[in-house]
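*Asks:* Mind looking over this structure? Questions follow.
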RNA sequence: GCGGGGAUACCCGAGUGGUCAAAGGGGCUAGGUUCAGGGCCUAGUGGUUUAGUACCUUCGUCGGUUCGAAUCCGACUCCCCGCACCA
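Here you go:
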């Protein structure tokens, strides 16, 4: 057999598997089921070997479980709802060259690219309909999927399933409508995600300011100065107000109140409230130098000029708290020096002579932390960057460690604990309003400036609901999380981090909310319990059930057993079948997803299962897979072009080599560095071993029959251990460990066996090879099918029974004997090195006497010297016995000691091998019968060795 | 900032109290397979040392617990990942 024959091997077996339908899973009450579901892929672009790795994890497990006798359900669907495909399609429609070029580079034929302007075509192309698609990728690498259950999330039938889910969640009170601030493009009138804004704007968030309404009278009219801050508690420390004399301000009517705002702020606030109208332009210079009233303390504070106040940030009205804000402190210091400015506004020096008001106690600082930090950092002027740093420092410390003083309404309270309450109190008293702004300026890719818009009819999933959270935590507690380290993180997300989540969007590919046709279900929110859909999608596909027939009563019956099947539009028998499938396959045994999905898909799955299903139907396992990085540590991705399309690898017939390499690289949940170069190298390396494997298989026929010697017994014993170790590793999902045992260790042993054995034992060798093929089958299925067939296996190896460990073949003595042989080889080599006796004519191996073995066993049992020396067999050895005793005391080994007879036998059986290896006569003798001086040096399992010329 | 994870020899990467100078792979070195190369095989790959031995130093840094630590505890330094309405 030649490695060349590997070409085409994948296709050959994939075709046979398909024809035989061996991965199609149906209800079988006589078999235990195993249901695993990988996160269904979002087909946004071409696939590569990075994708393959994630799914190969599942495949090995699915194949192993199948061989272990489980009825395995391994399905796949396509998550087509969402925006990226829509946006890409739109770009193609608009002739965006970059997008088109990238697709061509990735291998999309020119004439196809044009067709992808339709988002539905786009997702189909990358889901199933091309060599670049996910389906092609999964099929090419040999994933053992039941394709009859395939579906897309834009199928009418699936949409009905989603609508059922959302109706029921709403009935449970878990879906609610409320106000919500979004970053908004005023030009396009749509919310802006990070993908929609220029790079420098990415990461911008909506920030909730509290605007304190300072009061002033202008022309006998009460005007409010809304000073916006993120630190509501500092209202007690305000010494003055800052307005920018060079900025455009307006007076605007908000409800019944008149506010003074920067022009920019006025434009923004219109998106946050409906009752906003323009009154007039206003020059801040008219009131700089006058006083306004702090709404909380009711004290008057002076309005000072400040160039640094920006119109684009918050309201353009700034309250100054110099004791706790370095910026304010430095601004006042600066102003004190600017006599001409003060004079211009008629501000007397004495008016700047106010004391700072300290309101927060902070350990390690005096009354004015802001002043101290500014001094420490040696900030003397309005150096924006460094003041920003200082501000953060003060803010952080005061927030986490500070306590409010007597001059506030919250004396003794920790800032971090009371902040929220201060805000609520002030809002309740009508002294302040919420004002939203972006954390940094947002520039939309269309060129417009983003603003915060308050959407008032957004639908939310109420993940903040304590009862729901508790139920979900209860579910999590029963879930087996692999690897364990992610449980903590998951627990944190569920318990603390997750809040209400908007679950609907205006514009997206997907499903309408059943109770509000203005909204579509947001793409993450339709991927929560789809594993349940796999249990029925087979029937839906086969019976060609129309979406229209799937109203909520159908799902009520299938998933809850509620209602009367007679009243459903689906035929009763079919409905019963679906119900049976669901009951049989659920719960999900293993859910696989990437780490980035912990805080969304996986958490959502837990929440939604907790809400909608009985405890017995709750998912039982969550497993994380890692991703593939290239040699520079970058994620392998279609846009970077640093990945292989699987078809390229399949051409050489090397899919299995790549599979094995991937498994061996690291644990499935860890990231692996596996760039193109490394893929090439790995394939080269593994395939050379495959070559050897073929050679071994060919050897079987030439092998002769013999009685089983120590090497035969050893290799059989080792194979039992390899079975066991592989099995144990696979049960823990430790694929790397499993491959290390099943492939590398077994390979090394078999190689060793073949090298050392003079005449192969036909029976033994065949048995070994056939065991080997089976434990390798989950990893390299195509290759193993080929070899299985060649070695006369029945049917498919994919369906073969996982080899059972035959306890009676585990032979410790043979293992020890073989080890002994290895040690002797090593020792002889070493002695030759040291002595320079390069080609000894004779090698004497002197096996230690039995009293040494007895003493070793005795010492292992913690016997004392005095006790032992009472025995004749030790006493007659005299001093040698005492010295040996002391030597043994230093050892920690607790392994069984083999007898001198066993040792002699094993060595005898390997004598021929030694003679061949060293090209010398080998003499084996007992210590007591040897005339060599060195004989006394022999130890149990460590014979003395004498080389002679 | 919040939460989670990590630091192991030239490189990648196992290893959670003694059996650890530390798996496996790669690289490198030497020898062999006898004609070029590759492939394959064998051995070596912290240091000193020896008829097959023993000792010393080492697993981010500094301390601690222990008869004994890469492994446990504390502090520190550095790195990675997630922070949502987006798949």
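Residue numbers (this note's numbering): 353 to 1301.
Idealized CB from N, CA, C, for every residue including glycine.
This structure is a prediction, so every number in the text was calculated from the model and none was measured.
From the DSSP output, in three-state form, read off residue 452 for me.
*Replies:* On the first chain, residue 452 is found 100 positions in, with the first residue counted as 1. It is helical.
*Asks:* Quick one, are the C-beta atoms of residue 1180 and residue 1270 less than 8 Å apart?
*Replies:* Position 828 of the first chain holds residue 1180. Position 918 of the first chain holds residue 1270. In contact: residue 1180 and residue 1270 (Cβ atoms closer than 8 Å).
*Asks:* Taking 8 Å as the cut-off, decide whether the C-beta atoms of residue 802 and residue 535 are in contact.
*Replies:* The sequence position of residue 802 within the first chain is 450, counting from 1. The sequence position of residue 535 within the first chain is 183, counting from 1. A contact, by the Cβ cut-off of 8 Å.
*Asks:* According to DSSP, is residue 564 part of a helix, a strand, or is it coil?
*Replies:* Within the first chain, numbered from 1, the residue matching residue 564 stands at position 212. In the structure shown, residue 564 sits in a strand (DSSP, three-state: E or B).
*Asks:* Quick one: Cα of residue 755 to Cα of residue 773, how far?
*Replies:* Against the first chain, residue 755 aligns to sequence position 403. Against the first chain, residue 773 aligns to sequence position 421. Roughly 14 Å between the two C-alpha positions.
*Asks:* Whose C-alpha, out of 523, 1097, 882 and 1108, is nearest the C-alpha of residue 427?
*Replies:* Taking the first residue of the first chain as 1, we reach residue 427 at position 75. Closest by alpha carbon: 882.
*Asks:* Thinking residue 612 and residue 669 are a contact (beta carbons under 8 Å), I'd like their distance in whole angstroms, please.
*Replies:* Along the first chain, one-based indexing puts residue 612 at 260. Along the first chain, one-based indexing puts residue 669 at 317. About 7 Å; that satisfies the 8 Å criterion.
*Asks:* Relative to the C-alpha of residue 855, which residue among 472, 1205, 524 and 529 is closest?
*Replies:* As a first step, residue 855 must be located in the first chain, where it is residue number 503. With distances taken between Cα atoms, residue 855 lies closest to 529.
*Asks:* Beta-carbon within less than 7 Å of residue 573's beta-carbon, same chain only, minus the 5 sequence neighbours each way: which residues are those?
*Replies:* By one-based count along the first chain, residue 573 stands at place 221. Result list for residue 573: 610, in chain order.
*Asks:* Span of the alpha helix (DSSP H) holding residue 692?
*Replies:* For the purposes of this step, residue 692 is taken as residue 340 along the first chain, with counting starting at 1. Start and end: 691-696.
*Asks:* Which same chain residues end up closer than 7 Å to residue 377 when comparing Cβ atoms and leaving out the 5 residues on each side of it in sequence?
*Replies:* Counting from 1 along the first chain, the entry for residue 377 is found at position 25. Closer than 7 Å at Cβ, skipping near neighbours: 423, 424, 425 and 498.
*Asks:* Pull up the DSSP beta-bridge partners for residue 614, would you.
*Replies:* For this step, residue 614 is matched to residue 262 along the first chain. DSSP, once it has assigned bridges, lists 601 as partnering residue 614.
*Asks:* Decide if residue 418 is buried, meaning its Cβ has at least 16 other Cβ atoms within 10 Å, or exposed.
*Replies:* Translated into positions along the first chain, residue 418 becomes position 66. The residue is buried, with at least 16 neighbouring Cβ atoms inside 10 Å.
*Asks:* Excluding the 5 residues flanking residue 998 on each side, which residues of the same chain have their C-beta closer than 6 Å to its C-beta?
*Replies:* Residue 998 sits at position 646 when you count from the first residue of the first chain. The residues are 404, 489, 492 and 493.
*Asks:* Would you call residue 950 buried or exposed, if buried means 16 or more other Cβ atoms sit within 10 Å of its Cβ?
*Replies:* By 1-based counting over the first chain, the position of residue 950 is 598. Residue 950 should be labelled buried.
*Asks:* Please list, in chain order, all residues of the same chain as residue 474 whose beta carbon is under 7 Å from its beta carbon, the five residues on each side excluded.
*Replies:* Here residue 474 refers to the residue found at position 122 of the first chain. Cβ within range, chain order: 437, 440, 441 and 468.
*Asks:* Is the region 955-967 close to the region 816-828, with three or more CB pairs under 8 Å?
*Replies:* yes
*Asks:* Checking the sheet assignment: what are the DSSP bridge partners for residue 654?
*Replies:* The residue labelled residue 654 in the question sits at position 302 within the first chain. Note: residue 654 sits in a beta bridge opposite 592 and 643.
*Asks:* Taking residue 1273 as part of the beta strand (DSSP E), name the residues at either end of that continuous run.
*Replies:* The residue labelled residue 1273 in the question sits at position 921 within the first chain. 1273-1278 is the span of the beta strand (DSSP E), which, as asked, contains residue 1273.
*Asks:* In the DSSP output, which residue or residues are listed as bridge partners for residue 528?
*Replies:* As a working note, residue 528 is residue 176 in the first chain. Its beta-bridge partners are 812.
*Asks:* Whole angstroms are fine: how far does the CA of residue 655 sit from the CA of residue 596?
*Replies:* For this step, residue 596 is matched to residue 244 along the first chain. For this step, residue 655 is matched to residue 303 along the first chain. Distance between the alpha carbons of residue 596 and residue 655: 10 Å.
*Asks:* Quick one: what's residue 785 bridged to in DSSP?
*Replies:* As a position in the first chain, residue 785 is number 433, starting the count at 1. In the DSSP output, where bridge partners are listed per residue, residue 785 has 563.
*Asks:* Note down the Cα distance separating residue 353 from residue 1046, rounded to an integer number of angstroms.
*Replies:* As a first step, residue 353 must be located in the first chain, where it is residue number 1. As a first step, residue 1046 must be located in the first chain, where it is residue number 694. In this prediction, residue 353 has a pLDDT of 44, which is less than 50 and means its spatial position is unreliable; what the coordinates show is noted afterwards. Straight-line Cα distance between these residues: approximately 6 Å.
*Asks:* To test your reading of the DSSP string, which unbroken beta strand (DSSP E) runs of 3 or more residues are found completely within the region 1041-1095?
*Replies:* none
*Asks:* Taking C-beta to C-beta, are residue 996 and residue 1028 nearer than 8 Å?
*Replies:* Locating residue 996 in the first chain gives position 644, counting from the first residue. Locating residue 1028 in the first chain gives position 676, counting from the first residue. Yes, Cβ-Cβ distance for residue 996 and residue 1028 is below 8 Å.
*Asks:* Quick one: give me the first and last residue of the alpha helix (DSSP H) that residue 578 is part of.
*Replies:* Here the question's residue 578 lines up with position 226 in the first chain. That residue, residue 578, is in no alpha helix (DSSP H); its beta strand (DSSP E) goes 573-581.
*Asks:* Cβ atoms of residue 672 and residue 760: under 8 Å apart, would you say?
*Replies:* Taking the first chain and counting its residues from 1, one reaches residue 760 at position 408. Taking the first chain and counting its residues from 1, one reaches residue 672 at position 320. Judged by beta-carbon spacing, residue 672 lies beyond the 8 Å limit of residue 760, meaning their Cβ atoms are not closer than that value.
*Asks:* Which residue wins for smallest C-alpha separation from residue 616, given the options 627, 604 and 626?
*Replies:* Along the first chain, one-based indexing puts residue 616 at 264. Measuring from the Cα of residue 616, the nearest candidate turns out to be 604.
*Asks:* Compare the Cα-Cα distances from residue 874 to each of 884, 867, 863 and 868 and report the closest residue.
*Replies:* For the purposes of this step, residue 874 is identified with residue 522 of the first chain, where counting begins at 1. Here the closest residue by C-alpha is 863.
*Asks:* May I have the straight-line CA-CA distance separating residue 537 from residue 870, to the nearest angstrom?
*Replies:* Position 185 of the first chain, counted from the first residue, corresponds to residue 537. Position 518 of the first chain, counted from the first residue, corresponds to residue 870. Their backbone Cα atoms lie some 19 Å apart in a straight line.
*Asks:* Give the single residue among 1221, 1197, 1196 and 1195 whose Cα lies nearest to the Cα of residue 1207.
*Replies:* Residue mapping note: residue 1207 aligns to position 855 of the first chain, counting from 1. Answer by Cα proximity: 1221.
*Asks:* In chain order, what residues of the same chain have a beta carbon less than 7 Å from the beta carbon of residue 879, not counting five sequence neighbours either side?
*Replies:* In the first chain, counting from the first residue as 1, residue 879 sits at position 527. Only 431 and 953 meet the Cβ criterion.
*Asks:* Between 722, 690, 715 and 685, which lies nearest to residue 706 when the distance is taken from Cα to Cα?
*Replies:* Within the first chain, residue 706 is the residue found at index 354, counting from 1. Checking every option, the nearest Cα to that of residue 706 belongs to 685.
*Asks:* Can you tell me whether DSSP reads residue 868 as helix, strand or coil?
*Replies:* Numbered from its first residue, the first chain carries residue 868 at position 516. Three-state result, residue 868: strand.
*Asks:* Considering Cα atoms alone, identify which of 795, 988, 663 and 1166 is closest to residue 556.
*Replies:* Residue mapping note: residue 556 aligns to position 204 of the first chain, counting from 1. Residue 556 has its Cα closest to that of 795, out of 795, 988, 663 and 1166.
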